[in-house]
Structures are given as C-alpha cells and as structure tokens.
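There are 2 protein chains.
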Amino acid sequence: MLQKAILKISSLSPQSMISFLAAWKYWSVPKDHLLVREQTVSDYLYFIQKGAARIYYYKNGKEITEWIALDEQFFLSITSYFQRTPSHLIIQTLEPSEVYGISYNDFMALADRHHDIEKLLRKMITASLILSQERMDSIQFETAHQRYDRLLKTSPNIIQRVPLSYIASFLGITLETLSRIRSSR
Amino acid sequence: MLQKAILKISSLSPQSMISFLAAWKYWSVPKDHLLVREQTVSDYLYFIQKGAARIYYYKNGKEITEWIALDEQFFLSITSYFQRTPSHLIIQTLEPSEVYGISYNDFMALADRHHDIEKLLRKMITASLILSQERMDSIQFETAHQRYDRLLKTSPNIIQRVPLSYIASFLGITLETLSRIRSSR
DNA sequence: CAGGTGATTTGACATTTGTCAAATAATAAT
DNA sequence: ATTATTATTTGACAAATGTCAAATCACCTG
Chain A
5 MLQKAILKIS
15 SLSPQSMISF
25 LAAWKYWSVP
35 KDHLLVREQT
45 VSDYLYFIQK
55 GAARIYYYKN
65 GKEITEWIAL
75 DEQFFLSITS
85 YFQRTPSHLI
95 IQTLEPSEVY
105 GISYNDFMAL
115 ADRHHDIEKL
125 LRKMITASLI
135 LSQERMDSIQ
145 FETAHQRYDR
155 LLKTSPNIIQ
165 RVPLSYIASF
175 LGITLETLSR
185 IRSSR
Chain B
5 MLQKAILKIS
15 SLSPQSMISF
25 LAAWKYWSVP
35 KDHLLVREQT
45 VSDYLYFIQK
55 GAARIYYYKN
65 GKEITEWIAL
75 DEQFFLSITS
85 YFQRTPSHLI
95 IQTLEPSEVY
105 GISYNDFMAL
115 ADRHHDIEKL
125 LRKMITASLI
135 LSQERMDSIQ
145 FETAHQRYDR
155 LLKTSPNIIQ
165 RVPLSYIASF
175 LGITLETLSR
185 IRSSR
C-alpha cells in the first residue's frame, strides 16, 4: 500500500511517516471519473493503489495524453505540479480505481518541517527527472515502432486496459501510425 | 559569482553556505579543454562562471550534444549525474572558461547533513525537471524551425559562440536541416 | 598570399510520420 | 437480435526531416 511504496523511495522516521501519511487524501472512484477537472486550482501528486488513470490536456484542440498510470504507481502532471501550467489538465480514471493524493502545498509544508520528507521529495523528483530524460531520449532517437515495443516491454498488459487512441497520444504518434505499427508484426 | 547564483535558487544559513562553497572546486581552462573525459568515474555538477561549454556523448558512433552552457549557468549531464549512464560523456569548453564543480558524493553528503542544502538540491533538480519537460515538449510538438527560433530567443548570441554542428545536434536535427532552416529567413 | 583543412551550404532522393477520408470491426443500447 | 455509437484499420497523398554526395566558403598556417 501507500506506506510501503513510500518506503521504497526513502526511509522516514516514525514521526515523519505519521505526519506524511495524514496529509494524503483517499478516493475510491468509478471508471471514467475525472479526478482533476480543467481549471482546478489545487494540484495533487497521486498514488494509484489499484486501477488505471491517465493525465491529459488539450493542445490546439487536441487531447494530449501526458501520462498513463497503472496499479501502485505514483503519478502527477509534472508541468502542472511544479510549474502550474498548463493548468487545463485532466486526470481521468480508465477503470474503477483507488487513488491517494497529496496537495502541492501540503507536501511543501511537510518538506520544510521534516528533513527526511524533504529528502523523500527530492528522490521522487529525481525519479521523475530520470523518467523524463528517458522519455525524451526515446522520443528523440527511437522510431515510433521502437517506442511501442519499449512500452509493451514495460507494461505488457497496458494494451488490454487502455484504448489505443490514448496509447498513441502517450507515445507521441497518431492513432493511424500506431495501428500500422501493430499490424506490421 | 557562484554564491550569488546559489542564493538565487534557495537561501542557505551562513553555516551551510560556508560548508557548501568549500565543496566546490575551481578550474580555469583554455578553449577546447575536456573537463570530463570518457570513462571518468566522478561526476560533477558544474557552474560556468564565464565561457562556454558543451556536454556530449557518443551514440552509435555519432556525437550527441546533450547540453550547451554559457556564462553563469549551472549545468550537468542529468543522465550521468543521477543515473550514472551513459558514463561515456564528455564535457568540452568551447571558449577559455572559468568553471566550478561539485562532485555527486560531496553534494549528497552535504544534503544529508544540512536540511537547507537538501532543499537547495531539491530545487535544483526541480529546475532541471522543468527544463527537461520543456525540452521534451519542444522536441515532441515543435518543428525544427520553431525549435531553432526558440533557441535564438533564449540565447541570441549562441550562434556567434558555438559551431552550427553542435547546435544542430543540441536541437536534435542534422547539420543540413539546420542550414536549410537558417537560409530560409 | 597560396594551399589546405574544416565548416557550411546545396542538391537529389529516401524514409518516416501525419492528414484526411472512408471502410470495417467492436461494443453498447434499445 | 438490431441499431447506433465508438474504436480501429486501411488507402492515397503530403510534409518534414534524414542521408549521401558534392560544392562553396572561411579561416589558419607556412
């Protein structure tokens, strides 16, 4: 559960852990629920205990899927959580899901009070940074085909759980290109 | 100078500042000096006081310029500093330069000892993350032409100081494409 | 200043992916 | 089951960028 996932990132003193866990909210939501609506002010970092969700936003009238999260993953809109832009992001569950979230302000306040929470935050952001770099490398140097193969390797069951249109957008290609990639194997 | 650049990111107690500054090494190096050679073990985070430098590595026999830094910028190889891969990165000065650097291990040890240094580190990584996201967004959604225009806007004088071949690689395009972009305006 | 080396530009063509339109398949609702 | 709706596939063509080869240009050295 949440506590275990936290400890995988960094250890916390019992006192810090108590304060930290208390700051997380919990939602149990049905499929196709919007966790964050456009225009919402408060930004959350999420942990999806069970289920599937995607983060997306609109760019020139088109949906861009920024991230897809399956069970037991932390996820957030990096752009929104740390830069507060584009604020028009939407988080939508793709299955009935159990989700935890902690607000930006709560997390920062706790990081200020507890050195070990600050360190945890730093490690989480570092992990994000590494992911971001890997994804950039993938977009820059790999063909669409290679990116699809890589995704399959990382999340073999994502195809069964997420519509292809979202996957295409997540991979940075069109639905048609993804379809052609899939039929050529 | 370095202290001022640090304070722009986050404030430090006098005690922390003294310890932190003491951990930085200083080099004054000529043009075309290799700050980090391939195979080097220790990875540094750099601050270029004056001059120009680029970080690059080889991928399938080709030079990939990961970053170009001009005066008064912090810079590092994200992949190398945080993941320790690809370790075959090279940092080369493009002008006579004055450079400061702090090793990964020293920085982490100081972050463990001082909460405010940990927070500074977190803010630096956050800034890196935001840059990384912006760059990914640029690579994913902008044409080569738009990326070039954006670079010109950010660093108008980079063209005079850095060979086009490095700039092309930094923008993720070939030298020929960059040349055509430049001639079409 | 002449020659040589490296940097940049130009040309012809190939490849990858996108766009738009239509067809087909899958799923949900009556 | 039948229809309606949505998801996926397919086709024809266009746009952006890459590749390889050659031509220029710029600068440094003797």
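Protein sequence lines, in the order shown, are assigned to chains A and B.
When you read off a place in the first sequence, starting at 1, and then add 4, the result is the number in the numbering used here.
When you read off a place in the second sequence, starting at 1, and then add 4, the result is the number in the numbering used here.
Glycine included, each C-beta is placed from N, C-alpha and C at the ideal position.
Where residue i falls, given that 16 or more other Cβ within 10 Å makes a residue buried
i, result
"B/Ser187", "exposed"
"A/Leu182", "buried"
"A/Asp36", "exposed"
"A/Gln150", "exposed"
"B/Ala115", "buried"
"B/Ser17", "exposed"
"B/Thr147", "exposed"
"A/Thr178", "exposed"
Cutoff 6 Å; reference residue i; Cβ partners in own chain excluding five residues on either side
i, result
"B/Gln53", "Glu102"
"A/Phe79", "Tyr50, Trp71, Ala73"
"B/Tyr170", "Arg58, Thr69"
"A/Pro34", "Pro100"
Distance, residue j Cα to residue i Cα
i, j, result
"A/Leu6", "A/Ile22", "12 Å"
"A/Asp47", "A/Tyr108", "6 Å"
"A/Lys29", "B/Glu76", "42 Å"
"A/Trp31", "A/Tyr104", "6 Å"
"B/Thr158", "A/Ile134", "24 Å"
"A/Gly176", "B/Lys8", "40 Å"
"A/Pro160", "A/Lys66", "27 Å"
"B/Thr97", "B/Ile163", "16 Å"
"A/Phe24", "B/Leu25", "32 Å"
"B/Asn64", "A/Glu180", "30 Å"
Beta-carbon proximity check, residue i vs residue j, cutoff 8 Å
i, j, result
"A/Arg165", "A/Ala73", "no"
"B/Ile185", "B/Tyr152", "yes"
"B/Gln144", "A/Ser136", "no"
"A/Arg126", "B/Ile129", "yes"
"B/Glu122", "A/Glu122", "yes"
"A/Ser15", "A/His118", "no"
"A/Leu156", "A/Ile95", "no"
"B/Met140", "A/Met140", "yes"
"B/Asp110", "B/Ala27", "yes"
"B/Ile10", "B/Leu124", "yes"
Close-in-space but distant-in-sequence residues of the same chain around residue i (CB under 8 Å, 5 per side omitted)
i, result
"B/Ile68", "Tyr60, Tyr61, Tyr62, Ser173"
"B/Leu93", "Val40, Glu42, Ile59, Tyr60, Tyr61, Glu70, Ser81, Thr83, Ser84"
"A/Ala131", "Ile13"
"A/Arg154", "Ser142, Glu146"
For the region 99-127 of chain B, enumerate the residues whose C-beta is nearer than 8 Å to any C-beta of chain A, in chain order. Ala115, Asp116, His119, Glu122, Lys123, Leu125, Arg126
Chain A contacts from the region 139-150 of chain B (Cβ-Cβ distance under 9 Å): Arg139, Met140, Asp141, Ile143, Gln144, Phe145
To be precise: take each residue of the region 69-89 of chain B, compare its Cβ to all Cβ atoms of chain A, and keep it if any distance is under 8 Å. Which residues remain? Ile82, Thr83, Phe86, Gln87
Check each residue of the region 52-65 of chain A: if its Cβ is closer than 8 Å to any Cβ of chain B, include it; give the result in chain order. Lys63
For the region 7-27 of chain B, which residues have a beta carbon sitting closer than 8 Å to at least one beta carbon of chain A? none
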